[in-house]
Amino acid sequence: MSQRPDQQKASLKGRPLAVALALLSCAHGPTGTSEPPSPLTSPEPHVEPDLVGVVHVVKRGETLYRIAKSYGIPPRELLDVNGLRDPRQLEVGMEIFVPGATRTREPAPLPPGSQPEQQVAEPKPAPLLPVRPPAGAKEARLRWPLQGVLYSRYGPRQGRRHDGIDIAAPEGTGIGAAATGTVVYAGEQSGYGSIVILRHEGGLLTLYAHASRLLVRHGDRVGAGQPIAKVGRSGRTTGPHLHFEVREGTRPRNPLSYLP
Ligand SMILES: [Zn+2]
Numbered sequence: 055m056s057q058r059p060d061q062q063k064a065s066l067k068g069r070p071l072a073v074a075l076a077l078l079s080c081a082h083g084p085t086g087t088s089e090p091p092s093p094l095t096s097p098e099p100h101v102e103p104d105l106v107g108v109v110h111v112v113k114r115g116e117t118l119y120r121i122a123k124s125y126g127i128p129p130r131e132l133l134d135v136n137g138l139r140d141p142r143q144l145e146v147g148m149e150i151f152v153p154g155a156t157r158t159r160e161p162a163p164l165p166p167g168s169q170p171e172q173q174v175a176e177p178k179p180a181p182l183l184p185v186r187p188p189a190g191a192k193e194a195r196l197r198w199p200l201q202g203v204l205y206s207r208y209g210p211r212q213g214r215r216h217d218g219i220d221i222a223a224p225e226g227t228g229i230g231a232a233a234t235g236t237v238v239y240a241g242e243q244s245g246y247g248s249i250v251i252l253r254h255e256g257g258l259l260t261l262y263a264h265a266s267r268l269l270v271r272h273g274d275r276v277g278a279g280q281p282i283a284k285v286g287r288s289g290r291t292t293g294p295h296l297h298f299e300v301r302e303g304t305r306p307r308n309p310l311s312y313l314p
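Start counting at 1 in the sequence shown, then tack on 54, and there's your number in my numbering.
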């Protein structure tokens with residue numbers, strides 16, 4: 055049982071990216087805690103796409119149409135991806151997933167005095183998505199989604215960004231939710247193949263890519279460890295593996311900082 059370096063216990067929240075990346079130089083080997091993957095083996099050349107989308111927090115005065123327009127996607131697609139039937143279901147403070155976007159955008163403000171028919175509603179007394187600041191250190195906030203071979207880490211790789219970690223495992227291996235959460239996306243994305251995105255308490259997102267099968271649907275509540283997908287090779291891959299990302303809002307984080 056090796057001692058964990060102090061750096062691993064430090065929270066990355068609010069630190070410049072450079073500091074976060076500097077922490078990567080310390081070894082994040084298996085620590086003997088539950089379900090560690092095997093150590094790194096030879097890295098494979100494996101090009102991952104960049105961002106798959108962003109989470110947009112709905113603000114007062116916005117409409118679904120204006121949000122969709124500001125991101126350049128059809129309003130219908132925004133509705134479908136978020137499991138909404140009606141633009142009026144949008145509420146201030148609601149987090150919606152915008153597929154394909156690389157950064158959050160601010161819809162143009164409404165002209166003063168205008169009365170849009172589909173302006174978003176004020177939130178109900180009980181907020182749909184309570185967000186509380188993360189309590190204390192972030193370590194081990196998540197559990198390993200599967201057992202496998204960790205063969206690619208977070209951070210720049212061959213001059214490209216790599217926003218997650220890659221865990222190789224036989225096709226069909228079960229992928230478990232890294233924490234209790236809600237499915238905000240389950241579907242296909244170019245490059246990523248079949249993916250699931252979960253939202254957890256505090257606004258944390260986890261993303262599971264290249265699945266052969268998805269076992270959950272948009273809006274499902276899942277418990278920690280609950281099977282959500284099967285390992286596959288969908289999208290752009292060199293073999294069956296799980297590409298696993300952790301994001302705080304739109305910002306990719308090093309998953310190893312959250313895992314035991
Ligand atoms: Zn990857």
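Glycine residues also receive a C-beta, built at the ideal position from the N, C-alpha and C atoms.
Coarse secondary structure for residue i, derived from DSSP in three states
| i | result |
| --- | --- |
| Lys284 | strand |
| Ile121 | helix |
| Pro314 | coil |
| Gly256 | helix |
| Val238 | strand |
| Pro306 | strand |
| Glu131 | helix |
| Val146 | coil |
| Arg157 | coil |
| Tyr262 | strand |
| Arg301 | strand |
| Leu296 | strand |
| Gly273 | coil |
| Leu204 | strand |
| Asp220 | strand |
| Arg214 | strand |
| Gly107 | strand |
| Gly228 | strand |
beta-carbon residue i near ligand 1 non-hydrogen atom, thresh 7 angstroms
| i | result |
| --- | --- |
| Gly218 | yes |
| His297 | yes |
| Ser206 | yes |
Residue burial classification, residue i (beta-carbon count within 10 angstroms, cutoff 16)
| i | result |
| --- | --- |
| Pro128 | exposed |
| Arg253 | buried |
| Gln212 | exposed |
| Pro294 | buried |
| Pro306 | buried |
| Arg186 | Its pLDDT being 41, under 50, Arg186 is placed unreliably in this model, and the value from its coordinates should be taken loosely. Answer is exposed; the Cβ neighbour count stays below 16. |
| Thr291 | buried |
| Gly235 | buried |
| Leu313 | buried |
| Asp220 | buried |
| Ser311 | buried |
| Gly289 | buried |
| Arg139 | exposed |
Contact check, residue i vs residue j, beta carbons under 8 angstroms
| i | j | result |
| --- | --- | --- |
| Pro153 | Ser124 | no |
| Pro199 | Gly245 | no |
| Ala265 | Gly247 | yes |
| Arg215 | Gly279 | no |
| Pro309 | Glu299 | yes |
| Leu269 | Ile282 | yes |
| Tyr239 | Phe151 | yes |
| Gly147 | Val203 | no |
| Ala155 | Gly218 | no |
| Arg271 | Val237 | yes |
| Tyr205 | Ala222 | yes |
| Val285 | Glu225 | yes |
| Leu260 | Arg157 | The amino acid at residue 260 is misidentified as Leu; the sequence shows Thr. Against a cut-off of 8 angstroms, the Cβ pair of Arg157 and Thr260 comes out as no contact. |
One or two residues paired with residue i in a DSSP bridge
| i | result |
| --- | --- |
| Leu268 | Ala283 |
| Asp140 | Asp140 pairs with nothing; no bridge assigned. |
| Val112 | None, per the DSSP bridge assignment. |
| Ala233 | Ala233 pairs with nothing; no bridge assigned. |
| Ser248 | Glu242 and Ala265 |
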